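Residue numbers (our numbering): 1 to 284.
Next comes the structure, spelled out in C-alpha coordinates:
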(Lines of atoms letter the chains of each structure in order from A and count residues from 1; the text may use other names and numbers.)
(Lines give C-alpha, C1' and ligand atoms only; values in the text may rest on other atoms or scores of the structure.)
Protein backbone atom coordinates (compact mmCIF):
# COMPACT_ATOMS: atom_id res chain seq x y z
CA UNK A 1 0.00 0.00 0.00
CA UNK A 2 1.51 3.32 -1.09
CA UNK A 3 0.63 6.35 1.06
CA UNK A 4 0.90 9.80 -0.50
CA UNK A 5 0.52 13.18 1.18
CA UNK A 6 -0.78 16.04 -0.98
CA UNK A 7 -0.58 19.46 0.69
CA UNK A 8 -2.81 21.94 -1.10
CA UNK A 9 -3.53 25.67 -1.05
CA UNK A 10 -6.38 25.16 -3.57
CA UNK A 11 -4.35 26.65 -6.40
CA UNK A 12 -4.34 25.27 -9.95
CA UNK A 13 -0.72 24.30 -9.43
CA UNK A 14 -1.57 22.21 -6.36
CA UNK A 15 -4.28 20.41 -8.34
CA UNK A 16 -1.81 19.79 -11.15
CA UNK A 17 0.52 18.10 -8.63
CA UNK A 18 -2.40 15.94 -7.50
CA UNK A 19 -3.09 14.92 -11.11
CA UNK A 20 0.58 13.98 -11.51
CA UNK A 21 0.50 11.89 -8.34
CA UNK A 22 -2.55 9.83 -9.34
CA UNK A 23 -0.96 9.21 -12.75
CA UNK A 24 2.43 8.26 -11.30
CA UNK A 25 0.95 5.73 -8.88
CA UNK A 26 -1.83 4.50 -11.16
CA UNK A 27 -0.62 0.90 -11.01
CA UNK A 28 -0.28 0.80 -7.22
CA UNK A 29 -2.86 0.34 -4.51
CA UNK A 30 -2.57 3.77 -2.90
CA UNK A 31 -4.02 6.07 -0.28
CA UNK A 32 -3.94 9.81 -0.97
CA UNK A 33 -4.20 12.29 1.89
CA UNK A 34 -5.23 15.79 0.80
CA UNK A 35 -4.08 18.23 3.48
CA UNK A 36 -4.93 21.89 3.92
CA UNK A 37 -3.43 23.74 6.89
CA UNK A 38 -5.22 27.05 7.35
CA UNK A 39 -3.56 28.72 10.36
CA UNK A 40 -1.71 31.28 8.23
CA UNK A 41 -5.02 32.43 6.75
CA UNK A 42 -6.47 32.93 10.22
CA UNK A 43 -3.41 34.75 11.55
CA UNK A 44 -3.36 37.34 8.75
CA UNK A 45 -4.43 40.76 10.08
CA UNK A 46 -5.20 39.22 13.48
CA UNK A 47 -4.09 42.39 15.31
CA UNK A 48 -7.12 44.24 13.96
CA UNK A 49 -9.59 41.64 15.25
CA UNK A 50 -11.37 41.26 18.55
CA UNK A 51 -11.32 37.84 20.18
CA UNK A 52 -14.85 37.11 18.95
CA UNK A 53 -13.95 38.23 15.43
CA UNK A 54 -10.85 36.06 15.52
CA UNK A 55 -12.85 32.99 16.53
CA UNK A 56 -15.38 33.71 13.81
CA UNK A 57 -12.60 34.02 11.25
CA UNK A 58 -11.15 30.74 12.46
CA UNK A 59 -14.52 28.97 12.16
CA UNK A 60 -15.07 30.36 8.64
CA UNK A 61 -11.59 29.28 7.57
CA UNK A 62 -12.28 25.75 8.79
CA UNK A 63 -15.62 25.64 6.98
CA UNK A 64 -14.12 26.95 3.74
CA UNK A 65 -11.19 24.56 3.98
CA UNK A 66 -13.41 21.50 4.31
CA UNK A 67 -15.69 22.70 1.53
CA UNK A 68 -12.84 23.24 -0.93
CA UNK A 69 -11.22 19.91 -0.03
CA UNK A 70 -14.50 18.16 -0.85
CA UNK A 71 -14.61 19.95 -4.19
CA UNK A 72 -11.07 18.82 -5.01
CA UNK A 73 -11.92 15.28 -3.96
CA UNK A 74 -14.93 15.19 -6.27
CA UNK A 75 -12.90 16.66 -9.15
CA UNK A 76 -10.03 14.17 -8.91
CA UNK A 77 -12.37 11.19 -8.57
CA UNK A 78 -14.16 12.26 -11.72
CA UNK A 79 -10.88 12.86 -13.54
CA UNK A 80 -9.20 9.65 -12.38
CA UNK A 81 -11.69 7.00 -11.19
CA UNK A 82 -9.04 4.42 -10.27
CA UNK A 83 -10.34 1.54 -8.10
CA UNK A 84 -6.82 1.10 -6.69
CA UNK A 85 -6.95 4.57 -5.13
CA UNK A 86 -8.54 5.80 -1.91
CA UNK A 87 -8.72 9.46 -0.91
CA UNK A 88 -8.89 11.15 2.48
CA UNK A 89 -9.23 14.86 3.25
CA UNK A 90 -7.58 16.54 6.23
CA UNK A 91 -8.37 20.13 7.22
CA UNK A 92 -6.08 21.28 10.04
CA UNK A 93 -5.69 24.44 12.09
CA UNK A 94 -1.92 24.74 12.32
CA UNK A 95 1.23 25.37 10.33
CA UNK A 96 1.73 23.32 7.18
CA UNK A 97 5.03 21.65 8.11
CA UNK A 98 3.79 20.72 11.60
CA UNK A 99 0.52 19.26 10.33
CA UNK A 100 2.28 17.50 7.48
CA UNK A 101 4.71 15.82 9.87
CA UNK A 102 1.86 14.84 12.19
CA UNK A 103 0.11 13.11 9.30
CA UNK A 104 3.34 11.57 8.03
CA UNK A 105 3.95 9.95 11.40
CA UNK A 106 0.35 8.88 12.08
CA UNK A 107 -0.30 7.40 8.64
CA UNK A 108 3.28 6.33 7.87
CA UNK A 109 3.34 8.38 4.65
CA UNK A 110 5.79 7.32 1.92
CA UNK A 111 6.05 10.55 -0.08
CA UNK A 112 4.64 14.07 -0.18
CA UNK A 113 3.75 15.52 -3.60
CA UNK A 114 3.24 19.23 -4.18
CA UNK A 115 3.51 21.95 -6.79
CA UNK A 116 6.52 24.23 -6.94
CA UNK A 117 4.46 27.39 -6.88
CA UNK A 118 1.46 28.32 -4.84
CA UNK A 119 -1.40 30.76 -4.83
CA UNK A 120 0.76 33.89 -4.97
CA UNK A 121 2.74 32.61 -7.98
CA UNK A 122 5.54 35.06 -7.20
CA UNK A 123 8.07 34.83 -10.02
CA UNK A 124 10.85 35.87 -7.64
CA UNK A 125 10.45 32.60 -5.74
CA UNK A 126 11.84 29.53 -7.40
CA UNK A 127 9.86 26.95 -5.49
CA UNK A 128 7.50 28.96 -3.33
CA UNK A 129 7.70 29.47 0.43
CA UNK A 130 5.54 26.49 1.40
CA UNK A 131 7.37 24.10 -0.90
CA UNK A 132 10.77 25.15 0.43
CA UNK A 133 9.58 24.69 4.02
CA UNK A 134 8.23 21.25 3.24
CA UNK A 135 11.40 20.25 1.38
CA UNK A 136 13.52 21.31 4.35
CA UNK A 137 11.55 20.04 7.32
CA UNK A 138 9.14 17.21 6.57
CA UNK A 139 10.20 13.70 7.51
CA UNK A 140 9.55 11.89 4.23
CA UNK A 141 10.60 12.30 0.58
CA UNK A 142 9.08 15.25 -1.27
CA UNK A 143 8.21 15.16 -4.97
CA UNK A 144 7.96 18.67 -6.44
CA UNK A 145 5.99 19.17 -9.65
CA UNK A 146 6.79 22.23 -11.81
CA UNK A 147 4.08 24.71 -12.65
CA UNK A 148 1.91 23.58 -15.60
CA UNK A 149 3.90 20.36 -15.98
CA UNK A 150 2.03 17.75 -18.03
CA UNK A 151 2.49 14.19 -16.81
CA UNK A 152 5.09 12.16 -18.63
CA UNK A 153 6.15 8.61 -17.77
CA UNK A 154 9.46 8.86 -15.84
CA UNK A 155 11.54 6.66 -18.13
CA UNK A 156 14.86 8.41 -17.46
CA UNK A 157 15.85 9.22 -13.85
CA UNK A 158 18.93 11.27 -12.92
CA UNK A 159 20.40 10.80 -9.44
CA UNK A 160 23.45 13.05 -8.77
CA UNK A 161 25.50 11.91 -5.77
CA UNK A 162 28.99 12.06 -4.28
CA UNK A 163 28.53 8.62 -2.67
CA UNK A 164 29.36 10.04 0.76
CA UNK A 165 25.87 9.84 2.27
CA UNK A 166 24.62 6.70 4.09
CA UNK A 167 21.39 6.41 2.11
CA UNK A 168 18.15 5.26 3.70
CA UNK A 169 16.85 1.93 2.40
CA UNK A 170 13.17 2.95 2.54
CA UNK A 171 13.73 6.10 0.49
CA UNK A 172 15.76 4.26 -2.14
CA UNK A 173 13.01 1.64 -2.33
CA UNK A 174 10.58 4.39 -3.35
CA UNK A 175 12.83 5.28 -6.31
CA UNK A 176 13.44 1.63 -7.18
CA UNK A 177 9.70 0.84 -7.12
CA UNK A 178 8.89 3.74 -9.42
CA UNK A 179 11.66 2.75 -11.82
CA UNK A 180 10.49 -0.86 -11.84
CA UNK A 181 6.88 0.13 -12.55
CA UNK A 182 7.89 1.95 -15.74
CA UNK A 183 11.04 0.02 -16.64
CA UNK A 184 12.95 3.24 -16.18
CA UNK A 185 16.70 3.78 -16.33
CA UNK A 186 18.40 5.20 -13.23
CA UNK A 187 21.48 7.29 -14.02
CA UNK A 188 23.83 7.88 -11.07
CA UNK A 189 25.91 11.01 -11.71
CA UNK A 190 29.20 11.52 -9.87
CA UNK A 191 30.64 15.02 -10.32
CA UNK A 192 34.32 15.15 -9.38
CA UNK A 193 37.78 15.29 -10.89
CA UNK A 194 38.79 12.54 -8.49
CA UNK A 195 37.83 8.86 -8.87
CA UNK A 196 35.89 7.04 -6.18
CA UNK A 197 38.67 5.97 -3.82
CA UNK A 198 37.42 6.08 -0.23
CA UNK A 199 35.98 3.00 1.44
CA UNK A 200 32.90 5.02 2.41
CA UNK A 201 32.21 5.93 -1.21
CA UNK A 202 32.79 2.38 -2.40
CA UNK A 203 30.51 0.95 0.29
CA UNK A 204 27.73 3.43 -0.50
CA UNK A 205 28.08 2.78 -4.21
CA UNK A 206 27.73 -0.95 -3.59
CA UNK A 207 24.70 -0.33 -1.38
CA UNK A 208 23.05 1.69 -4.17
CA UNK A 209 23.73 -1.02 -6.72
CA UNK A 210 22.16 -3.57 -4.39
CA UNK A 211 19.02 -1.47 -3.87
CA UNK A 212 18.61 -0.95 -7.61
CA UNK A 213 19.66 -4.46 -8.66
CA UNK A 214 16.30 -5.17 -10.33
CA UNK A 215 16.32 -1.88 -12.24
CA UNK A 216 18.35 -0.61 -15.19
CA UNK A 217 21.20 1.12 -13.39
CA UNK A 218 23.87 3.27 -15.06
CA UNK A 219 26.90 5.07 -13.66
CA UNK A 220 28.22 8.37 -15.08
CA UNK A 221 31.09 10.59 -14.05
CA UNK A 222 31.56 14.25 -14.92
CA UNK A 223 34.64 16.37 -14.25
CA UNK A 224 34.45 18.85 -11.41
CA UNK A 225 32.78 22.12 -12.39
CA UNK A 226 29.77 24.20 -11.54
CA UNK A 227 27.42 21.48 -10.29
CA UNK A 228 24.31 23.36 -11.40
CA UNK A 229 25.58 23.60 -14.96
CA UNK A 230 26.66 19.96 -15.00
CA UNK A 231 23.28 18.74 -13.75
CA UNK A 232 21.33 20.96 -16.16
CA UNK A 233 23.49 19.71 -19.03
CA UNK A 234 22.71 16.09 -18.15
CA UNK A 235 19.02 16.81 -17.70
CA UNK A 236 18.96 18.12 -21.24
CA UNK A 237 21.02 15.74 -23.32
CA UNK A 238 19.86 12.60 -21.45
CA UNK A 239 16.18 13.60 -21.77
CA UNK A 240 15.67 13.15 -18.03
CA UNK A 241 12.07 12.88 -16.77
CA UNK A 242 12.76 12.87 -13.02
CA UNK A 243 15.58 14.42 -10.98
CA UNK A 244 16.39 12.77 -7.64
CA UNK A 245 18.65 14.31 -4.99
CA UNK A 246 19.30 13.63 -1.32
CA UNK A 247 18.98 16.42 1.23
CA UNK A 248 21.46 16.26 4.06
CA UNK A 249 23.49 18.83 5.95
CA UNK A 250 26.35 20.34 3.96
CA UNK A 251 25.22 18.78 0.68
CA UNK A 252 24.79 20.60 -2.61
CA UNK A 253 21.00 20.26 -2.40
CA UNK A 254 20.98 21.88 1.03
CA UNK A 255 22.75 24.91 -0.48
CA UNK A 256 20.15 25.03 -3.26
CA UNK A 257 17.07 25.13 -1.05
CA UNK A 258 18.61 27.62 1.39
CA UNK A 259 18.33 30.26 -1.34
CA UNK A 260 15.06 31.80 -2.43
CA UNK A 261 15.54 33.50 -5.80
CA UNK A 262 16.17 32.16 -9.28
CA UNK A 263 19.40 34.14 -9.55
CA UNK A 264 20.80 32.59 -6.38
CA UNK A 265 19.64 29.05 -7.05
CA UNK A 266 20.33 28.77 -10.76
CA UNK A 267 18.73 25.33 -10.79
CA UNK A 268 15.05 25.26 -11.64
CA UNK A 269 14.37 22.06 -13.53
CA UNK A 270 11.27 21.96 -15.68
CA UNK A 271 10.76 18.36 -14.67
CA UNK A 272 9.62 16.69 -11.42
CA UNK A 273 12.19 16.87 -8.64
CA UNK A 274 12.25 14.19 -5.92
CA UNK A 275 13.98 15.21 -2.69
CA UNK A 276 15.04 12.31 -0.48
CA UNK A 277 15.31 13.51 3.12
CA UNK A 278 17.77 10.86 4.31
CA UNK A 279 15.47 10.43 7.31
CA UNK A 280 15.51 7.02 8.95
CA UNK A 281 12.15 5.26 8.95
CA UNK A 282 11.27 1.60 8.87
CA UNK A 283 10.19 0.00 5.60
CA UNK A 284 6.50 -0.88 5.86
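Even for Gly, the Cβ is constructed at its ideal location relative to N, Cα and C.
None of the values given here were measured: they were computed from a predicted structure.
### Query
When DSSP builds the beta bridges, which residues end up paired with residue 31?
Numbered from 1 along the chain shown, position 31 holds the residue referred to as residue 31. Residue 31 is bridged by DSSP to 3, 86.
State the beta-bridge partners of residue 225 as determined by DSSP. Within the chain shown, residue 225 is the residue found at index 225, counting from 1. DSSP output for residue 225 lists no bridge partner at all.
In chain order, what residues of the same chain have a beta carbon less than 8 Å from the beta carbon of residue 156, not counting five sequence neighbours either side? Against the chain shown, residue 156 aligns to sequence position 156. Hits under 8 Å: 184, 185, 187, 238, 239, 240, 241, 242.
Check whether the segment 197-217 and the segment 165-173 are in contact - that is, three or more C-beta pairs closer than 8 Å.
yes
Quiz prompt | Backbone secondary structure at residue 104 - three-state DSSP | solution = Numbered from its first residue, the chain shown carries residue 104 at position 104. Helix, per DSSP.
Check your understanding: Considering only residues of the segment 25-78, which uninterrupted alpha helix (DSSP H) runs meet the minimum length of 4 residues and lie entirely inside it, listed in chain order?
Key -> 39-43
- Task: Starting from residue 164, follow the beta strand (DSSP E) in both directions and report where the run begins and ends.
- Result: The sequence position of residue 164 within the chain shown is 164, counting from 1. For residue 164, there is no enclosing beta strand (DSSP E), as DSSP marks it with neither H nor E.
Keeping to the same chain, check which residues put their C-beta closer than 6 Å to that of residue 86; ignore five residues upstream and five downstream. Counting from one through the chain shown, the residue named residue 86 turns up at place 86. In chain order, 31 place their CB closer than 6 Å to the CB of residue 86, counting only its own chain and leaving out the 5 sequence neighbours on each side.
| message | Measuring only the C-alpha atoms, how far is residue 101 from residue 152? | response | Counting from 1 along the chain shown, the entry for residue 101 is found at position 101. Counting from 1 along the chain shown, the entry for residue 152 is found at position 152. Roughly 29 Å between the two C-alpha positions.
Helix, strand or coil for residue 206 per DSSP?
What you label residue 206 is simply residue 206 of the chain shown in a count that begins at 1. Reduced to three states, the DSSP call for residue 206 is helix.
| field | Residue range of the beta strand (DSSP E) that includes residue 190 | value | Taking the chain shown and counting its residues from 1, one reaches residue 190 at position 190. Taken as a continuous stretch (DSSP letters only), the beta strand (DSSP E) holding residue 190 covers 185-191.
- With DSSP as the reference, label residue 80 as helix, strand or coil. By 1-based counting over the chain shown, the position of residue 80 is 80. Looking at residue 80 - three-state DSSP - the assignment turns out to be coil, as it is neither helix nor strand.
Three-state secondary structure assigned by DSSP to residue 130: For the purposes of this step, residue 130 is identified with residue 130 of the chain shown, where counting begins at 1. Correct three-state label for residue 130: helix.
Assigned exposure category for residue 53 - 16 Cβ within 10 Å defines buried: Looking up residue 53 in the chain shown gives position 53. Classification for residue 53: exposed.
In whole angstroms, give me the CA-to-CA distance for residue 79 and residue 203. Your numbering for residue 79 matches position 79 in the chain shown. Your numbering for residue 203 matches position 203 in the chain shown. Spanning the two alpha carbons is a distance of roughly 45 Å.
Worksheet item: For residue 96 versus residue 60, is the C-beta distance shorter than 8 Å?
Response: Sequence index remark: in the chain shown, residue 96 carries index 96 (1-based). Sequence index remark: in the chain shown, residue 60 carries index 60 (1-based). Taking 8 Å as the Cβ cut-off, residue 96 and residue 60 do not qualify as a contacting pair.
*asked:* Just to confirm my understanding: we take residue 149, look at its own chain, exclude 5 residues before and 5 after, and list those with CB closer than 8 Å. What are they?
replied: Counting from one through the chain shown, the residue named residue 149 turns up at place 149. Counting only Cβ-Cβ distances below 8 Å, and skipping sequence neighbours, we find 16, 20, 270, 271, 272.
Residue 285 (DSSP reduced to helix, strand or coil)
Given that the chain is displayed from residue 1 to residue 284, the structure contains no residue 285 and the question cannot be resolved.
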